[in-house]
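In terms of the numbering used here, the sequence shown has 247 at position 74, counting the first letter as 1, and numbering is strictly consecutive.
Written out below as C-alpha cells is the structure these notes cover.
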Amino acid sequence: MALWGNNDAVGSNGTVTLDYSTGVVTGSGTTFGQVGAAKTGDVIKFGIKGTAASAVYFGDAVIVAIAGTQSLTIGSTAGLSGAAIAATTFQVSESPIFATLDAHYSQRKEGSEFVYGVAGAGVTASQNTSHQLTHAGWVGVTTYNDSDGNLRVKSEVLVAMSGITTGNTPTFPPASEV
C-alpha cells in the first residue's frame, strides 16, 4: 500500500453512519470497494465542509477493510471529533496517510487544517491569492486569525508530485471559505 495516491476525490456518493465502538462505517447509496471507488488505504473525510449548507466536518480516518459496497472499517477514530456521525456526507481521498494520522491535520483546532491534492493548474491559479502555493502535490492548508483578528493562511507542501487528479474546483477553498 502506498503512502499516498494521486486522487483527492475518489468518491462521495451517498451518506455514511459510523459506529465508534467498532469502527464500522455503514453506507447508504455508496459503492465502496468497486473499481474507481473507496479502497483499503484511502482516507475517508466525514462531513466535508461546503458540500451542503448544514454540513459539519467531523474529521478524517484511514480505511483498513472493506466488507462490501455499503460497509467498511476504519483503523482509528482518533482523528474524529467524537460527535455522532449519522447519515452524513463524506469524501474518499488518496491523500497522504501520515497527514491523517498527524493531529495537526486530522482535528479541528483554532482555524482550520485540511490537506488538498493540488494539480499544476491549481498552483498557477493560487499565485495571486492568499494561498500562494509553490508546488503541485499534497498541500496542507491552515487558516487562523492572528492576534489582531486578521485571517491568515499557511500552506505547506507535504508531498511534492505531479499528476494529481482533483475532483473539486477549485482544488483548495478560498481563504474566506475555510
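Heads up, the beta-carbon is just placed ideally off N, CA and C, and yes, glycines get one too.
- Identify which residue in ALA259, SER299, SER201, ALA234 has its Cα closest to the Cα of PRO269. Reading the sequence shown from its first residue, position 96 is the one you call residue 269. PRO269 has its Cα closest to that of ALA234, out of ALA259, SER299, SER201, ALA234.
- Query: Between which two residues does the beta strand (DSSP E) containing ILE352 stretch?
  - Reply: Absent from the structure is residue 352, since the part of the chain shown begins at 174 and ends at 351.
- Query: How would you call ALA309, buried or exposed, if buried means at least 16 neighbouring beta carbons within 10 angstroms?
  - Reply: In the sequence shown, residue 309 corresponds to position 136, counting from 1. Buried, because 16 or more other Cβ atoms sit within 10 Å of the Cβ of ALA309.
- Would a C-beta distance cut-off of 9 Å place THR261 and VAL237 closer than the cut-off? In the sequence shown, the residue the question calls residue 261 occupies position 88. In the sequence shown, the residue the question calls residue 237 occupies position 64. No, they are not a contact pair.
- Query: Could you give the distance in angstroms between the alpha-carbon of ALA289 and the alpha-carbon of LYS218?
  - Reply: Here residue 289 is taken as the residue at index 116 of the sequence shown, counted from 1. Here residue 218 is taken as the residue at index 45 of the sequence shown, counted from 1. The amino acid occupying residue 289 in the given sequence is Tyr; Ala does not appear at that position. So the two alpha carbons sit approximately 12 Å from each other.
- Message: Given this structure, state the Cα-to-Cα distance separating PHE231 from ILE258, to the nearest angstrom.
- Response: On the sequence shown, position 58 is the one that residue 231 refers to. On the sequence shown, position 85 is the one that residue 258 refers to. Just so you know, the alpha carbons of PHE231 and ILE258 end up roughly 8 Å apart.
- Through-space distance from SER185 to VAL216, alpha-carbon basis: The sequence position of residue 216 within the sequence shown is 43, counting from 1. The sequence position of residue 185 within the sequence shown is 12, counting from 1. Taken atom to atom, the span from the alpha-carbon of VAL216 to that of SER185 is near 12 Å.
- Message: I'd like to confirm the pairing. Which residues does DSSP put opposite ASP192 in its beta bridges?
- Response: Within the sequence shown, the letter at position 19 stands for residue 192. ASP192 is bridged to VAL197.
- How should ALA211 be labelled, buried or exposed, when 16 other C-beta atoms within 10 angstroms of its C-beta is the threshold for buried? In the sequence shown, residue 211 corresponds to position 38, counting from 1. Classification of ALA211: buried, given that the 10 Å Cβ count is 16 or more.
- Query: With distances taken between CB atoms, is the gap from GLY200 to GLY187 smaller than 9 Å?
  - Reply: The residue you call residue 200 lines up with position 27 of the sequence shown. The residue you call residue 187 lines up with position 14 of the sequence shown. Between GLY200 and GLY187, the C-beta spacing is below 9 Å.
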